[in-house]
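The block underneath contains the structure these notes are about, expressed in structure tokens.
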Amino acid sequence: MIEDANPELKGFFPSMVNAIIPKDRSEYNKQEAKKSIVALCYIIAGLRNKFVNQFKTEVGLYLVASGATWEAIDTLSSIGYSACAKTVMDYQKKIQLNHITKIEDHFLEKGDCLHIYNIDDYHDIHEKRRPDTVTTSTAKHFSTCVAKPVMECFAVPIVFNGVSVHNPNNVEAPRICWTT
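Just so we're aligned, residue 175 is where the sequence shown starts under the numbering used here, counting upward by one.
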């Protein structure tokens, strides 16, 4: 496809594959290495290409998830490999706000059916192990919430002391979307 658009690039990718991937690798490892070469090509193209910003944002999100400092992300941004730390932070806030809206919309749209709501609350079992002179590790709190609509079943009418236990306004997003 690229070679059709620009005939000067004919043979470019195969020559990169031959230069980077050793011949004695297994077929599986060669296929995985080709994916890395494609990512490398995106990085090279993205050094001056505004259309590869999403890739840079994803690199920034990966760095944040990996525990990289804001300074490290900004350093990689200055050489063109990642979005800057502020862009990554703004993108995370946008995802968070969109999540709350999606939760509200879901329960407004599917409020007349039974929902199985499951909270797996893993208290402080995931840790970042970066010992320093003061602490040996930092425990993290982790929980997962899943709401599964059962479309074939209406909401269960439960009345206790003459009062319905269901919220007439349906499920309010702030009750299940915790922001920090």
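All residues carry an ideal CB built from backbone N, CA and C; glycine is no exception. Bear in mind the structure is a predicted one, so any value in this text is a computation, not a measurement.
| query | result |
| --- | --- |
| Sequence ranges, alpha helix (DSSP H) only - wholly within the region 243 to 289, length at least 4 | 244 to 252 and 259 to 283 |
| From M325, G336 and S251, residue whose alpha carbon lies closest to that of H280 | M325 |
| Bridge partner(s) assigned by DSSP for V333 | S338 |
| Close-in-space but distant-in-sequence residues of the same chain around C215 (CB under 8 Å, 5 per side omitted) | F187 and M190 |
| Own chain partners of S252 with C-beta closer than 6 Å, once the 5 adjacent residues on each side are dropped | none |
| Under the three-state DSSP convention, the category P196 falls into | coil |
| Candidates I332, T243, N335 and K284, of which the one nearest P323 by Cα | K284 |
| Whether G234 touches I218 by CB criterion (7 Å) | no |
| Cβ-Cβ separation, T231 to T261 (assumed contact under 8 Å), whole Å | 7 Å |
| Simplified DSSP assignment, three categories, for S210 | helix |
| Backbone CA spacing between V238 and A259 [nearest angstrom] | 9 Å |
| Coarse secondary structure for S240, derived from DSSP in three states | coil |
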